[in-house]
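First the structure, in the form of structure tokens, and then the observations on it.
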Amino acid sequence: MKAFIKFFLLAAVAATVFSSCQNNSRSGYGELDDWAKQIVSAKRASMGYPVNQNIQLDRFYKWYLANNLENVGLNNVGDPFGAAGGLLGAHKFEREVIEYFAPLYDYDLGNLWGIVTNSGTDGNNHGIYFGVNYLKNLTGKMPVMYVSDEAHYSNPRIADLQNLDLCLVKSDPMGRMIPEELEKVLDTTRPCLIVYAMGSTFKGAIDDMDALNAVLDAHPEMAVYRHVDAALFGGYLAFTQYRDMVSAKKYRINSMAISGHKFFGLDDPAGFFLTTREVYDLQDNNAVAYLNGDMKMINCSRSTSSVLKFWWMIHEIGKDEWAKQAVAILENTRYFKEQLDSIGYPSWLNEYSNTLFFKRPSDKVCKKYMLAHNYDENFGGDLSHLVVMQHVDHALIDEFIKDIQE
Ligand SMILES: Cc1ncc(COP(=O)(O)O)c(C=O)c1O
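Residue numbering for the sequence shown follows the numbering used here, starting at 645 and increasing by one per position.
Here it is as structure tokens:
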């Protein structure tokens, strides 16, 4: 009888464990499970940050698990264009990702170098570091770095980290660097490392690269390196009729940083960095014996799963679908602006931008839509902004308009 009870109890425990394993959404850690539920339900209305919430990675994760890759230590350490080849990672796929994107930004495959980065910030870090070394090795002098006071904070932060002489150039009220201000502060006795904002973070302004290049061209004796921070706008503009805006050739752009988790819909921070062979060849040598290669990039370990996700998306989503999404984003942004105008709500929008900024609404609205804030006296003080990404459709916009009226 005792043996029977013991058997019965064991069977009951096994059944409980089995059923909790069957219910994969339960980890057994209550607070973790609660967080997961909350974050999944909040994503629908999230608009304050440039995150595409229409992520399509279901099949990727099924494939990943089916191949047991979750139990493999992957690492894309090393140069994807180097001879050494990656042992623990997927350099071949990384190269294919870079070679897929590069022509969209007018980089020639014969004159190309790039990596999949950890983020847009990581791409800016590489652009600025590569720019410094390029100019230093070209001229023997350290450059001055110029960036607008509305550009993403990562740029001045990186200047600080790299111990650079930084000049923050004033921007106009809509957020574009003012060419006359650049002219005023330009130190023509030193090389110029300029970072153009292609989508300033809060106001979505694109620096007028034609006008700013004209300022620089007036000083032909000064060596110039142009890095473009196109973290968000670089994603969608490349697929629109405004593709020229991201042309490395047209604007003589030496390097560009684009995020992967913004327009492209990776579910984790990632991005890519593009530059030319001329820039790469002027970097300091950095032979690393244990990696059997010349490590020009800043980071040692880099993510393989981001590379695989990019590669997957290129094949599963591709140019035609991204073009449709890019057009929809800009159309929905226009629709959003029209709706705000129709109720007389003060809002502002830059050309080519999916980032609307407006008078700060009630805390309730700010919270529901996870809006991001700023303060600017040019526009009456307290402001919020929202970013129209793939998941922001007419229904959500109409809901927002209703909420803001209430
Ligand atoms: C213009 C711009 N540059 C850089 C970044 C930083 O990119 P990441 O978050 O990928 O590091 C952002 C982030 O929002 C941005 O808007």
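Glycine included, each C-beta is placed from N, C-alpha and C at the ideal position.
Taking DSSP as the reference, what is the three-state secondary structure of I902?
strand
Flag this pair as yes or no: are the beta carbons of N998 and P817 separated by less than 8 Å?
no
Once the 5 residues before and after L654 are set aside, which same chain residues still bring their CB inside 6 Å of it?
For L654, the predicted model reports a pLDDT of 48, less than 50, meaning its position is unreliable and no value from the coordinates is stated.
Since A836 sits in a beta bridge, which residues does DSSP pair it with?
In the sequence as displayed, the identity of residue 836 is Cys instead of Ala. Partner(s): V788 and V868.
Given a cut-off of 8 Å, decide if G915 and D766 are closer than it, judged by their beta-carbon atoms.
yes
Rounded straight-line distance, which links the Cα of Y705 to that of I683
19 Å
Run the CB neighbour count on I759, radius 10 Å, all protein chains shown included, and call it buried at 16 or more, exposed below.
buried
Taking a contact to mean a Cβ-Cβ separation below 8 Å, would you say Y996 touches L881 in this structure?
yes
In chain order, which continuous runs of the alpha helix (DSSP H) of length 4 or greater are located wholly inside the stretch 903-962?
921-925 and 948-960
What does the alpha-carbon distance come out to for the pair I1048 and D911?
30 Å
Cβ pair L812, V791 closer than 8 Å
yes
Determine the extent of the alpha helix (DSSP H) in which D804 is found, giving its start and end residues.
Per DSSP, D804 belongs to the alpha helix (DSSP H) from S798 to L805.
Go ahead and pull the three-state DSSP assignment for S1028.
strand
Other residues of its chain near I973: CB distance less than 6 Å, five sequence neighbours each side excluded
Y880, N998 and V1032
To the nearest angstrom, report how far apart Y924 and N898 are at their CA atoms.
10 Å
Contact test: P694 Cβ vs ligand 1 heavy atom, cutoff 7 Å
yes
Cβ pair S949, S763 closer than 8 Å:
no
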